[in-house]
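Numbering-wise (the working numbering), the sequence shown opens with residue 56 and increments by one.
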Amino acid sequence: RVSSAFLTLLRHAHARGAEAALMEATAEAASRSSSAVARARAAEDEEALLAERLGQALRSEETLSEACACAEAHAAEARVGARAALRKEQSANRALEEGILELKERLAAEREAAAE
Numbered sequence: 056r057v058s059s060a061f062l063t064l065l066r067h068a069h070a071r072g073a074e075a076a077l078m079e080a081t082a083e084a085a086s087r088s089s090s091a092v093a094r095a096r097a098a099e100d101e102e103a104l105l106a107e108r109l110g111q112a113l114r115s116e117e118t119l120s121e122a123c124a125c126a127e128a129h130a131a132e133a134r135v136g137a138r139a140a141l142r143k144e145q146s147a148n149r150a151l152e153e154g155i156l157e158l159k160e161r162l163a164a165e166r167e168a169a170a171e
């Protein structure tokens, strides 16, 4: 009888130890699960932040592309204007050269007439 009671006590002690171990393992699993959830949320937050930054970068790139296109259009207009101004200047220079030649010819003709 003593040994039967002793065995019963041993079984209860063993069961309590297993129960304590199970509770400890459950608490550890819950803690790890909670940490994993926190890390997953932090990763989601980081992903959302990176997505926002990427969106901003893409919008900035679009703005820069539009600014470059606008600058290119202005540069093309400026080149057209510069070419037109150059043609006008060349035309004015030709007219001036023709006027100088005409004056030289008149001067030479007047000198000849004065010499006679």
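Just so you know, even glycine gets a beta-carbon here, dropped at the ideal spot from N, CA and C.
- A straight-line Cα-Cα distance of about 16 angstroms links Ala168 and Glu157.
- Non-local C-beta neighbours of Glu127 in its own chain, meaning closer than 8 angstroms and more than five positions away in sequence, are absent.
- In the structure shown, Glu171 adopts coil according to DSSP, grouped into three states.
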